[in-house]
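These notes concern the structure reproduced below.
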RNA sequence: GGGCGAUUAGCUCAGUUGGUUAGAGCGCCACGCUUACAACGUGGAUGUCGGGGGUUCGAGUCCCUCAUCGCCCA
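In the numbering used here, the protein residues as written are 46 to 1133.
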C-alpha cells in the first residue's frame, strides 16, 4: 500500500505499477481459489481452453475479459467462484506447427524422430506456450483458480477420455466405417471440413471417350465423359446417365420460366437466351440420352481404357443432361458426389487408387503405380491421346480444396474411420436446448446449434496423428492378403478367439468393467478402460512372439509387462493365450482422437470426473459458458451431449456467444494474415484496464467488432494505419520520422536484418477510449483523495435527509439507478450496456457535475463534512461497480481511499475491507431513487447549459464574469436560487433576478427553455448582427418544429387513431414550442 | 445452393414492445493550461438510418424485394 500522500499522486494513472502490485496481491491472498467445501452458493465457469499452438490474440482477450467480469462480479456478490483455467492440445494444429519448425530448423521429418521423439518435442513446445498463455491471462487480470489449471492431454483429462471412449464402445456407439475423408497427402492425415479452405485455380476439363462393349446397331460406339482430374479414371467403377432425361429437361425449363416471370428487364434477356439454348440442347441431345438410358437398363458395359477393366453404364440422377455429354464418370473412392452414387448403386463397388502419400497404389495398372497424382495425370492424358480416346481439352477454373495446415491440395480418399454414432447423442443435445435446460444468448444462435445437430451426422473421431489421446483399442491383427480373404474368415473363429481372450483377461484378474471385445468381419477389437490391461496384452504379444517360455513364471522378460508372471490363473491364461494367438498379434491402434473429443468433456473432466470429487459435486453443472460463435457446433454442442451422456446433466444452463474481433477491413484477425494484435502490446501501451474496458464497451449484441489496426513506430510513437499491403511486410518505414521498424511479420518471414530492427507493435486507437476513461477516473479519485484528508465519520455517524442538498440526493438517486442498470446488464450478458452506463455516469454525472459542484462546497466549512461523506460513499460504490471491468485501477484507488477514509457509508459507516476484489457488490438503494429530484436537477443542468451556450456564442472569454436572469415560476426559483454558487463556479455567471416577472435588460442574449427563459446581460459584449443571426437560426428551428407538430395534430387520423396520451403530449409540446417561438420573435423584435 | 447476421455522422458503434427534431466515442471547428484531469474543460457543426416497394395516423424500428459485405453449412 502506498506511502505517498494523495497530493503527490501523479496526474496520469500508472497502469504498469498497479498491474504488477495488485495481481501479486490477489494471488497471495488466495482470492481466486475456490473452496469445494464452501457453504456459499457456487458459481463456476470453465475457460474455453486456448490452444497451445501459439500466443493469445485479441479474440482471446475479449473472451477472457468477459469471463473475468462475470467472475469478479459474482465473487463480490458472495458466490463461491471457480473459474477453471487450462489449455487445449489442439491435435493437428500443434503437431503441424512443430513439424514445420522441425523441417525448417533441422531439416527433419517426423519419421526421423519417430512417434515418441516427435511427441516429446511437442510437449516441449506445449510447455513453452502454455507458460506464455497463462502469463498473458494473468497480465490481463484474469481471476482464474490457477491451482486447478488443466490441460486437455494431462492425466486427469486422459482418464476422462478413456472412460468416455470405453463407455461409448461398450454402448455400441463407436464403429469403424469407410468414409471419404479430406486427405492431406503431405501430413498424411485426414482433416475435417473446417480445416479445409477452397481456392479457385486455373485447370482444365478433359473429354474422354470410353468404348461401348458390343453396341447394337444404331447405338453409340463410345460414351464421352469429361473430368478435371483425368488420373482418377483409373478408379472409375461406372459411368452414369440420367434415368429420365426428358423429365430433367422439362424441370429445368419450368424453373427457368418461373425465373423469367420474376426477373427484371435487364436479366430477362439473358434468361431468355438461356431458355432458347436449353431447348436447342434438348432437341439435340435427348434422343441420344434416351438410347443410353436404355442401354444402361439393359446392363451394357463399357471398356475402361488403359485398365483392361469393364465398367457398367448405370442410371443415376447425378448425371446432368444439361451438362457436357450428359454422362458422368463415377469414381466413388475419390469424389464425394460419386461416393453418393455408389451408396445408391452398391453393386458398382469402389476402388481406392491412392497410397497415403498421394502416389498411386497397386489397384492401378503397373505402369502408373508409384506415380504422383501429377505425373499420373500427364501419363493418363498422353496414353488416352495415343489410344485416340482424347476428345478435347478445355480451360476451366476449378474450385480446389486445400489443407489449412499444410496448404497442399486435398485428395478425397476412402479410408476406414472411427465414428461415434450421433443419432441419440445429438437428439439429447437438441432436446436440452429446445426444452431450455440450456439457453443460448443471443438467442439467434440457437438455430445454428439445432440445425447442425439435426443432421445427426456421425462424428469421425480418429485422426492419423501422433499428438493426442491414443485410441484405447487393440486390434487382433490378421494381415489379410485381400479383402476377399478377410471376408472368408469364419465367424466361429472370431467367437472362439473372443471367448478365449475374455478367459485370459478374467484369469489375469480383470473384469468386463476393464475391457470390452468386439469383432467385425475383419478384425477382433479390444477396447480397454483400465490401462493395466494394456500390460496384459503386451505380455500376450510376447507370448505370440516367443512362445510360452517367454512368459513363464520366474523368467521375467520385460519389467514393463510382467503380468503373466504374476496372475494367479496362469495356467488357464496361458491356455487361452495359445488359442488367441493363433489369430495373430495384438496391435495398439495408432490413431489418436479428434481434439474436440477431449474438449467435449472439459466441463466435467476438469472437475475430476470420472472420480466423484467434491469439485464435481459443488461446481457441476457450471454456471455459464462464454465463447465465440465459430465453435457453437464443434464445441458447445459436443459438450452438451457429452455432459448429458457422462453426467446425465447439462454442463451449463446458459451459453453466451460473443462477437468476433475483426480488423478494420472486416476480416478475421489471424497470424497468417499478419493482422493480429497481441493483447500484451495493447496492455503495454494502454494498460490492462483500458483493454478490458474497451473490449467490454464494444461487446454488443448484434455485431462483430471492427478494430482498425495501427503500427506504432518505435522511434517516434506515430501510429501508421495497417493496410492489406503493409501488414505482410517484415519492415515498414514510418510516415512521420522515416525510420524503418520491424513488424510481427519479421519474426516469421523477415531476414535477420529485419528481425534486428526495433519492433513496431500492432495496436488499435480504439483503446484510447478506455485509457482516457481510466485516466479520468484516476484524476477524479485524486481530487476526492485530496479533499478527504480531514475526512471523519465519527462526529456524524449517520447522515440524515436534512443534511443532503439537491445535488447529493440527485447523485445518490443516479448512483442507485446505475447500480441497478449495471447489475442487470452484466447478469444478462449485456456487457456494452454496462460499460456505457458506467462511462456515462462516471464522466458526465459524477465528474462533470458532482465533482465540479463539490469544489464550491469543500470551501464552505459547514458543508464540507457532508460533501466528504457523500463523495467518499459515491467513490466507494463506483469503485465496486467498476472493479469487474477495471480491476487494477479500482484496487489501487480502493487502497488509497482506505487510507484517508477507512470508514465509509451514509448510515452505519463500515470499515472498508482489505480489497475491492472481495468487497460486497452494491445493491440498489431503492429509497435513494427519486425521479422528481432527477427531473429538477435536469432543469438546473439545462439552465447551466443555456448560460454556457450564450457565453460561447457571444465569444465572451471564460474568465470574464457575466450576469444573467431567469424568467421562471416560483417552484423553479426555489430550486435554482440555492444553486447560485454553482453558476458562479461552473459558468462564471452571477444571477441577478429570478421569477415570473423578470424583465430582461436592454442589451441581452436570450434563450427559451421549457417553461423558462434565460437572459444573459451582454451590454459589454453587444453585437447586434451576431445576436440576430443566432436568434434567427433558433427561430427557424422552432418554426420547423411547430410546423411538424401542427401537421401531426392537423391529421385527423392521427388524432383519431393514436393513443390519447400521445396526442395529449403533442398538444402540450405544441404550446410549449409555440411559447418558445414567440419569445425568440419578441427578442428579435427588440433588436430592431 | 441453404441458413444467420450486418448496412445509421468522416471512422467505430448504440438506438428497448413502431410515437414524432436519431445518439455516444473518436475525428472536425471555435474558445480556454480555471491547482483532479490538455489522456482535459466549455460550446458547436455533421445523417434523404444501403436502394426500392408495402403495412400504419405515424417506420431507423414491422413485412416484401434488390444490392453489397461477413460468417456458418452444403
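From the three backbone atoms N, C-alpha and C, an ideal C-beta is built for every residue, glycine too.
(request) Check the DSSP bridge columns for residue 220 and list the partner residues they point to. (result) 464
(message) Report the CB separation of residue 744 from residue 887 in whole angstroms; it is logged as a contact under 8 Å.
(response) In fact, because the Cβ distance is near 18 Å, the residues do not count as touching under 8 Å.
(request) Give me the Cα-Cα distance between residue 949 and residue 846, rounded to the nearest whole angstrom. (result) 17 Å
(request) Using a threshold of 7 Å, state whether the C-beta atoms of residue 380 and residue 457 are closer than that. (result) yes
(message) On the DSSP letters alone, give me the boundaries of the alpha helix (DSSP H) that residue 1127 sits inside.
(response) Boundaries of the alpha helix (DSSP H) around residue 1127: 1105 to 1132.
(message) Let's see if you can read the secondary structure: which residues bound the alpha helix (DSSP H) around residue 940?
(response) 932 to 945
(message) Using C-beta distances below 7 Å, list every residue in its chain close to residue 834, excluding the 5 sequence neighbours before and after it, in chain order.
(response) 945
(message) Tell me which residue opens and which closes the alpha helix (DSSP H) that residue 707 is part of.
(response) No alpha helix (DSSP H) holds residue 707; the beta strand (DSSP E) holding it covers 706 to 708.
(message) Taking the alpha-carbon of residue 286 as reference, which of 210, 347, 226 has the nearest alpha-carbon?
(response) 347
(message) Considering Cα atoms alone, identify which of 298, 190, 225, 341 is closest to residue 261.
(response) 341
(message) Looking at residue 139: is its Cβ nearer than 7 Å to the Cβ of residue 646?
(response) It is not a contact, given that the beta carbons lie outside the stated cut-off.
(request) For the alpha helix (DSSP H) holding residue 785, just list the boundary residues, first then last. (result) Unbroken run through residue 785 is the beta strand (DSSP E), 785 to 787; no alpha helix (DSSP H).
(message) Which residues does DSSP list as the beta-bridge partners of residue 90?
(response) 128
(request) Note down, one range per segment and in chain order, each alpha helix (DSSP H) of at least 4 residues found wholly within the stretch 822 to 873. (result) Whole alpha helix (DSSP H) segments, 4+ residues: 851 to 872.
(request) Report whether the distance from the Cβ of residue 440 to the nearest heavy atom of the ligand ATP is below 6 Å. (result) Looking for the ligand ATP in the displayed structure turns up nothing, as the structure carries no ligands at all.
(message) Determine whether the beta carbon atoms of residue 356 and residue 282 lie at a separation below 7 Å.
(response) yes
(request) Only counting runs of 4 or more residues, tell me where the alpha helix (DSSP H) segments fall wholly within the stretch 360 to 439, in order along the chain. (result) Fully enclosed alpha helix (DSSP H) runs of 4 or longer: 381 to 389, 418 to 431.
(request) Please state whether DSSP places residue 655 in a helix, a strand or coil. (result) Reduced to three states, the DSSP call for residue 655 is coil.
(request) State yes or no: is the C-beta of residue 957 within less than 7 Å of the C-beta of residue 992? (result) No, these two residues do not count as a Cβ contact at 7 Å.
(message) What would DSSP say about residue 351, mapped onto helix, strand or coil?
(response) coil
(message) Please identify the residue among 659, 1024, 246, 1009 whose C-alpha is closest to the C-alpha of residue 440.
(response) 246
(message) Could you tell me the alpha carbon to alpha carbon distance between residue 290 and residue 541, rounded to whole angstroms?
(response) Cα to Cα, residue 290 sits roughly 54 Å from residue 541.
(request) Consult DSSP for residue 255 and reduce its assignment to one of helix, strand or coil. (result) Looking at residue 255 - three-state DSSP - the assignment turns out to be strand.
(request) Quick one: grab the DSSP three-state call for residue 231. (result) coil
(message) DSSP three-state label for residue 754, please.
(response) In the structure shown, residue 754 adopts coil according to DSSP, grouped into three states.
(message) Using only the alpha-carbon positions, how far apart do residue 936 and residue 757 sit?
(response) 30 Å
(request) Tell me whether residue 443 sits in a helix, a strand or coil according to DSSP, three-state version. (result) strand
(request) Please state whether DSSP places residue 637 in a helix, a strand or coil. (result) Residue 637 carries a strand assignment under DSSP once its states are collapsed to helix, strand and coil.
(request) With distances taken Cα to Cα, identify the nearest neighbour of residue 633 among 643, 259, 662, 576. (result) If we check each option's Cα against that of residue 633, 576 comes out closest.
(request) Using the Cα positions of residue 595 and residue 537, report the straight-line distance between them to the nearest angstrom. (result) Any reading at residue 595 must be qualified, since the residue scores a pLDDT of 47, below 50, and its modelled position is unreliable; the value itself is stated next. Their backbone Cα atoms lie some 29 Å apart in a straight line.
(request) Keeping to the same chain, check which residues put their C-beta closer than 8 Å to that of residue 148; ignore five residues upstream and five downstream. (result) 154
(request) Please determine, among 323, 365, 339, 409, the residue with the shortest C-alpha to C-alpha distance to residue 351. (result) 409
(message) Which of the three DSSP states is assigned to residue 720 in this structure?
(response) Here residue 720 sits in coil by DSSP.
(request) State the start and end residues of the unbroken beta strand (DSSP E) segment that holds residue 572. (result) 569 to 573
(request) Measure the Cβ-Cβ separation of residue 1012 and residue 1058 and say whether it is below 7 Å. (result) yes
(message) Within 10 Å of its beta-carbon, does residue 242 have 16 or more other beta-carbons around it, so buried, or fewer, so exposed?
(response) exposed
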